[in-house]
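Positions 841 to 1460 (my numbering) are the ones given, in order, by the sequence shown. Below is one structure, written out as structure tokens; comments come after it.
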Amino acid sequence: MTAEKLLKQYFGYDDFREGQRPLINAVLEGRDVLGIMPTGAGKSMCFQIPALMMEGITLVISPLISLMKDQVGALNQAGIHAAFLNSSLTMGQYVKALRLAKEGRYKIIYVAPERLETEGFLDFALSRNVKISFMAVDEAHCVSQWGQDFRPSYLKIMEFLKRLPYRPVVGAYTATATEDVRDDIMDILELQNPYVMTTGFDRGNLYFAVKKPVDKYKELVRYLHKREEDMPGSSGIVYCLTRKNVEEVCYKLREEGFSVTRYHAGLSDEERRENQDDFIYDRRQIMVATNAFGMGIDKSDVRFVIHYNMPKNMESYYQEAGRAGRDGEPSECILYYEPMDVRTNRFFIENNEDNEELDEFTRQLVKERDTERLKQMTFYCFTSNCLRNYILNYFGEHSSGYCGNCLNCMTQFEEVDITKETMAIMNCIDANRMKYGLTTIIDVLRGAKNQKVRSKGLDRNPEYGTLAAVTVPRLRQIMQELMYQGYLELTGDEYPVIKTTGLAADWQAEDEPLFMKLAKEKEPDVSEKTSKKNRRKKAGAAAVLAEKDLGLFEALRVLRREIAAEEKVPPYIIFSDKTLTLMSAVRPKNAEEMLGISGIGEFKLGKYGNRFLEVIAKYN
Ligand code: ADP
Ligand code: ZN
């Protein structure tokens, strides 16, 4: 059968996505591959389809138990025999799985890297009637010490391959690969003349926004209520920087009546697992968590990711925000900025325990690198240009500069003359070689009467109070812009001091006006605009479904949850939100029409088709 037919029959999809087909072809031709594709792009399909087409067995190396469970669950739901071998199995289950594997019952076997070298597994892999024709290494960046997720057990992959009397085709797949990591993957896995495919990092279905609410919690509650109206029951993650924050936000939201749970490293293993499952199985809607949550979570219908605090760098931000909308449906990524977050992150950088073993020189380098990354993250929060463009540029990709699906692209900006403010700021900083941070400079410019200002005699600064009429957020924004443009810079110390640069001196000598793009002071809340044209896309099903179809969509979700509970798999593994959305809009009347819907393969049709048709019939 052709790859297209398999894609349709088992997974119910009509076309391959960008990058999938060439990666599949190369493997089928017996060539090693390296696939670098963003989260949600569909990497699994790149090794699952060849696995179905090749003789023998495909091994998939995966770092996380939850990932394996999820993918094997999805394969079995699609009617493909697959199994996983990891420490979550009891000895009895493990032995049984190996026996069935030896008998050739599984086309695809997921295995944890640390299992590869065990006697039981080698016994299976080396038995005469077993042929491992393809080995897919998922999350391949785990072999590299450069990345954030290095796993020593990944180094066992090579040793294992060398023990086989033949060499399978090897495919490596990852979402995160800088050049260093990419080279590491190819070297360490000893890929032979690999076909390398990198697809764009853009996630078009994600809407990006940065907000600077006066009261973050209130803003969060407002947003969550609005989401409940737009699309009741949708899942989302709220990321906080500290455990304390997680506890606080989670507690308050629960008091308020939201369906929330929490996750951070301070909870017991058991509670973490429970809470994670509550979220994945749609028993709880909102997950409030530190960055400890998410690695290996494949939940594809996360409709929003809110960053209650600014993370430490763009890499973390994009990875965490990218957990929204893996199913390709419209989803939202919103970051709440607060100056305090910069300080907290700086503290983390200064006191990073991971760096303690490093020698002084390297530690200093790492610190500088992290400080620079934090700066780039902060600029993201202040740019007036397209946010998506900023992200893509950061990761070395070009883009048109206007996406139409981020807050900045949808906000009205005006060119504002900031010459006067800039002069005052620069003079203020230069006067008496001021050695203060951003906040103090702002205090002086606005003529604050606090203790620090008085005790240090800062009220004698020639610019004291000269910008009293400019709001604090705007002053902050102007100063961030001046930093971004290189007129000002912050020292990298624990208590950073703001300084003017050579560029500032040049500008002061030139007598040229300076402009910057600023959001109109009373920025209308785009999401609440009534004019149809400017109306922002809603997230999820609400974005595409007419009012009358939403009721059906809800009914289908209920049925999906029921089936998921029977099958003991997460609901999104039965059918994705996208598939339910299509069902609600198209309203198929029979099996044939059902098959026309993306995400419904023959196996699932046979298993669940009638039950869904019955519900739809009630609405027809
Ligand atoms: P990744 O591992 O790259 O993050 P996944 O393999 O988990 O992404 O795929 C993300 C989602 O996209 C899954 O729900 C998957 O079923 C879906 N998908 C993959 N390939 C296709 C395709 N060709 N057409 C439609 N949906 C697809
Ligand atoms: Zn944009």
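The C-beta atom is built at its ideal place from N, Cα and C for all residues, glycine as well. On a predicted model such as this, the values are computed, not experimentally measured, just so you know.
*asked:* If you measure from each CB to the nearest heavy atom of ligand 2 and keep those under 5 Å, what residues do you get, in chain order?
replied: C1226, R1228, C1243, C1246, C1249
*So who's on the other strand from H1147, going by DSSP bridges?*
Y1079, L1175
_Backbone secondary structure at I1258 - three-state DSSP_ = coil
*Rounded to a whole number of angstroms, what is the C-alpha to C-alpha distance between T842 and Q849?*
11 Å
*Buried or exposed: where does Q911 fall if 16 or more other Cβ atoms within 10 Å of its Cβ makes it buried?*
buried
*Return yes when at least one heavy atom of ligand 1 lies under 6 Å from the C-beta of D1167, else no.*
yes
_Tell me the DSSP secondary structure of N1374 in three-state form._
Its pLDDT being 41, under 50, N1374 is placed unreliably by the model, and the measurement read from it follows with that caveat. Coil at N1374, not helix or strand.
*Using only the heavy atoms of ligand 1, determine whether one of them is closer than 6 Å to the beta carbon of L879.*
According to the sequence displayed, residue 879 carries Thr and not Leu. For ligand 1, at least one heavy atom lies less than 6 Å from the Cβ of T879.
*Flag this pair as touching only if the stretch 1182-1194 and the stretch 1120-1137 have three or more C-beta atom pairs under 8 Å; answer yes or no.*
no
*Count the other C-beta atoms from every protein chain shown that fall within 10 angstroms of the C-beta of L883, then say buried if there are 16 or more, exposed otherwise.*
The displayed chain sequence assigns Lys, not Leu, to residue 883. Counting Cβ neighbours within 10 Å, K883 comes out buried, since at least 16 surround it.
_Exposure of P1008, with buried meaning 16 or more beta-carbon neighbours within 10 Å_ = buried
*By DSSP, does G1391 sit in helix, in strand, or in coil?*
helix
*When you compare only the Cα positions, how much space is there between D1122 and Y1103?*
15 Å
_Same chain, Cβ closer than 8 Å to G960, five either side skipped, listed in chain order_ = Y934, V935, L938
_Beta-carbon proximity of K971 to G1076, cut-off 7 Å_ = no
*asked:* On the CB-based measure, 16 or more other CB atoms within 10 Å of its CB, does Y1335 come out buried or exposed?
replied: exposed
*Would you call M1180 buried or exposed, if buried means 16 or more other Cβ atoms sit within 10 Å of its Cβ?*
exposed
*Quick one: using the 10 Å Cβ neighbour count with 16 as the cut-off for buried, is D1194 buried or exposed?*
exposed
*Does the Cβ of V1398 have 16 or more other Cβ atoms within 10 Å, making it buried, or fewer, making it exposed?*
exposed
*Give me the Cβ distance between L874 and L1064, rounded to the nearest whole Å; I'm assuming they're in contact under 8 Å.*
Wrong, their Cβ atoms sit about 41 Å apart, outside the cutoff.
*At which residues does the beta strand (DSSP E) containing E1329 begin and terminate?*
1328-1330
*Report whether the distance from the Cβ of M885 to the nearest heavy atom of ligand 1 is below 6 Å.*
yes
_With distance defined between alpha-carbon atoms, name the residue in E1208, T879, M885, G870 nearest to D855._
M885
*Which stretch, first to last residue, makes up the beta strand (DSSP E) that contains M1356?*
1355-1359
_For S1074 and V1145, I'd like the C-alpha separation in whole angstroms._
11 Å
*Using only alpha-carbon positions, find the residue among A1164, E1387, K1152 that is nearest to E1069.*
E1387
*Does DSSP put I1413 in a helix, in a strand, or in coil?*
helix
*asked:* Considering Cα atoms alone, identify which of K1408, E1111, P1428 is closest to G913.
replied: K1408
*Rounded separation between D1167 and V1128 - CA only*: 21 Å
*Nearest neighbour of G1277, chosen from I1126, T1331, A1264, N1245 [CA to CA]*: T1331
*Within the same chain, show all residues whose beta-carbon is closer than 6 Å to that of K845, passing over the 5 residues directly before and after it, in chain order.*
none
*Would you call L966 buried or exposed, if buried means 16 or more other Cβ atoms sit within 10 Å of its Cβ?*
exposed
*Give a single yes or no on whether R1143 has its beta carbon closer than 6 Å to a heavy atom of ligand 4.*
In the structure on display, ligand 4 does not appear, and the ligands it does have are ligand 1 and ligand 2.
*Give, in chain order, every unbroken run of the alpha helix (DSSP H) that is at least 4 residues long and sits entirely within the stretch 879-948.*
883-893, 905-917, 931-942
_Less than 7 Å between C-beta atoms, sequence neighbours within five positions excluded: which residues of the same chain meet that for M1423?_
L1396, I1437, F1452, I1456
*asked:* Using CA atoms only, rank isn't needed, just tell me which of L1390, M1434, E957 is closest to M1071.
replied: L1390
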